[in-house]
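In the working numbering, the protein residues as written are 29 to 412. All residues carry an ideal CB built from backbone N, CA and C; glycine is no exception. Structure, as structure tokens:
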Ligand SMILES: Cc1cc2nc3c(=O)[nH]c(=O)nc-3n(C[C@H](O)[C@H](O)[C@H](O)COP(=O)(O)OP(=O)(O)OC[C@H]3O[C@@H](n4cnc5c(N)ncnc54)[C@H](O)[C@@H]3O)c2cc1C
């Protein structure tokens, strides 16, 4: 076991951190105030090779292992988890699904432009009545001659408002339950496809969410991805990558809050000395740092297993659940350490505090990961 980062990993970490400081932070506050995702960041990330580190080189990625990818994701999210997630969501989740389940023609058509930042790809599973429970998916796909007819609604879709292409799941036969689910590709401009931004967020204000509407969309048969009945299983592979990203991103925002809190605790003087000299503040700082360290190794362990193709269901759930809940606690402590200053967006902790709650919800809620861990350990079904 070697716990040291390689020279290459340190190089990627430093490069991503520099990018986060130079390209994400300067415009973040104004964009968040306007609840705006500036999608030009996608091309900028791509030009530095940071957009799709985990994707194979033959499809335009860097072909890096998942530990190195997680290190990059942590460093980028140090500035903003919401912005980084919106920028990278296409390569991370739907592109991974396509990589695993798509035909060679579909992969050649979509993956290289996604990895170059030329095409925005969204992955759409969730609906108004189908969140954690995908068996409730109501979007229908009905076979009619040589095409599929699609009707339904998707919500909370990352980049749904601006996506050029959407990989989505629909029900082909309700009587078959999960075995009736299938994945399809729809391109913007297809008659019957529309989208709307979802505004008014209390969190993730630098990110991008939208709802999608499908009304009598006609899709050629070749727009189906993978086999009917395997859609959820295929989607879960991409979701697994998204979970790793979110765990690493939560670590990034927690680390950012620790860095800011240490700096502030050394500068802010109350009761005749820097607040960092008071033992109760030191206790919080010590707990923050210890939890960050624990989260980091859970993440690297899950990433390493994933890179080596070893089963890692419970390890990924440990990482996602612990890192995001830890970030939620750490970001709130960081705001408290900054006192009333911490409640303004001028200080470098408030936006992380806002984003942390959302990180516990997408990519599987905390409860879903607890149930997954329980199910794995007890070998008993817990969801139903
Ligand atoms: C910023 C953002 C981006 C997103 N991007 C995408 C995207 O690109 N594509 C996409 O498809 N979706 C996306 N989502 C949706 C996200 O995946 C869902 O919100 C998430 O899966 C939870 O579903 P839900 O919100 O419907 O909550 P629900 O499933 O309704 O859960 C509500 C609460 O009940 C709990 N709960 C549910 N079932 C159980 C149970 N059996 N036992 C105990 N507790 C339970 C949950 O843990 C949660 O606390 C995004 C969401 C956000 C916030």
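Measuring only the C-alpha atoms, how far is residue i from residue j?
| i | j | result |
| --- | --- | --- |
| residue 73 | residue 145 | 8 Å |
| residue 111 | residue 376 | 15 Å |
| residue 88 | residue 186 | 22 Å |
| residue 302 | residue 358 | 20 Å |
| residue 365 | residue 175 | 59 Å |
| residue 280 | residue 180 | 36 Å |
| residue 99 | residue 244 | 43 Å |
| residue 31 | residue 294 | 30 Å |
| residue 134 | residue 410 | 36 Å |
| residue 256 | residue 197 | 10 Å |
| residue 406 | residue 258 | 26 Å |
| residue 266 | residue 317 | 30 Å |
| residue 163 | residue 337 | 28 Å |
| residue 218 | residue 132 | 22 Å |
| residue 191 | residue 361 | 36 Å |
| residue 136 | residue 34 | 32 Å |
| residue 397 | residue 223 | 30 Å |
| residue 42 | residue 312 | 27 Å |
Do you know whose CA, among the options, lies nearest residue i's CA?
| i | options | result |
| --- | --- | --- |
| residue 167 | 206, 380, 66 | 206 |
| residue 80 | 149, 390, 63, 35 | 149 |
| residue 3 | 227, 127, 395, 309 | With the chain running from 29 to 412 in the structure shown, residue 3 is simply not present. |
| residue 128 | 268, 217, 385, 43 | 268 |
| residue 44 | 95, 175, 282, 105 | 105 |
| residue 320 | 201, 306, 287 | 287 |
| residue 203 | 102, 34, 165 | 165 |
| residue 36 | 91, 96, 29 | 96 |
| residue 276 | 49, 113, 51, 54 | 113 |
| residue 54 | 85, 234, 300 | 234 |
| residue 189 | 226, 400, 291 | 226 |
| residue 140 | 118, 49, 34, 153 | 118 |
| residue 64 | 228, 385, 327 | 228 |
| residue 273 | 324, 220, 142, 152 | 324 |
| residue 76 | 90, 398, 84 | 90 |
| residue 50 | 184, 259, 399, 108 | 108 |
| residue 210 | 218, 178, 217 | 178 |
| residue 83 | 236, 401, 242, 270 | 270 |
| residue 155 | 241, 85, 232 | 241 |
| residue 85 | 142, 121, 251 | 142 |
| residue 264 | 121, 42, 40, 246 | 121 |
| residue 29 | 403, 328, 401 | 328 |
| residue 184 | 170, 52, 201, 239 | 239 |
| residue 201 | 402, 169, 220 | 169 |
| residue 208 | 260, 172, 403, 195 | 260 |
With a CB to CB cut of under 8 Å and the five nearest residues on each side skipped, what residues in its chain are close to residue i?
| i | result |
| --- | --- |
| residue 373 | 57, 60, 61, 379 |
| residue 138 | 123, 126, 130, 147, 149, 193, 213 |
| residue 283 | 102, 106, 320 |
| residue 394 | 349, 352, 353, 388 |
With a threshold of 6 Å on Cβ separation, who are the neighbours of residue i within its own chain once the five nearest residues in sequence on each side are excluded?
| i | result |
| --- | --- |
| residue 330 | 340, 343, 344, 347 |
| residue 70 | 115, 145 |
| residue 278 | 351, 352, 355, 387 |
| residue 304 | 293, 294 |
| residue 254 | 129, 211, 262 |
| residue 332 | 95 |
Answer with buried or exposed for residue i, where buried requires no fewer than 16 other C-beta atoms within 10 angstroms of its C-beta.
| i | result |
| --- | --- |
| residue 161 | exposed |
| residue 66 | buried |
| residue 297 | exposed |
| residue 230 | exposed |
| residue 289 | buried |
| residue 408 | exposed |
| residue 157 | exposed |
| residue 199 | buried |
| residue 412 | exposed |
| residue 299 | exposed |
| residue 249 | exposed |
| residue 262 | buried |
| residue 216 | exposed |
| residue 383 | buried |
| residue 152 | buried |
| residue 291 | exposed |
| residue 237 | buried |
| residue 391 | buried |
| residue 307 | exposed |
| residue 314 | exposed |
| residue 182 | buried |
Note down, in chain order, each residue of its chain lying with its Cβ closer than 7 Å to the Cβ of residue i, except the 5 sequence neighbours on either side.
| i | result |
| --- | --- |
| residue 335 | 93, 94, 95 |
| residue 363 | 370, 371, 377, 378, 381 |
| residue 399 | 410, 411 |
| residue 232 | 110, 383, 386 |
| residue 40 | 96, 99, 100 |
| residue 220 | 242, 243, 244, 245 |
So is residue i in contact with chain C if we call contact Cβ pairs under 8 Å?
| i | result |
| --- | --- |
| residue 88 | Absent from the structure: chain C. Only one protein chain is present. |
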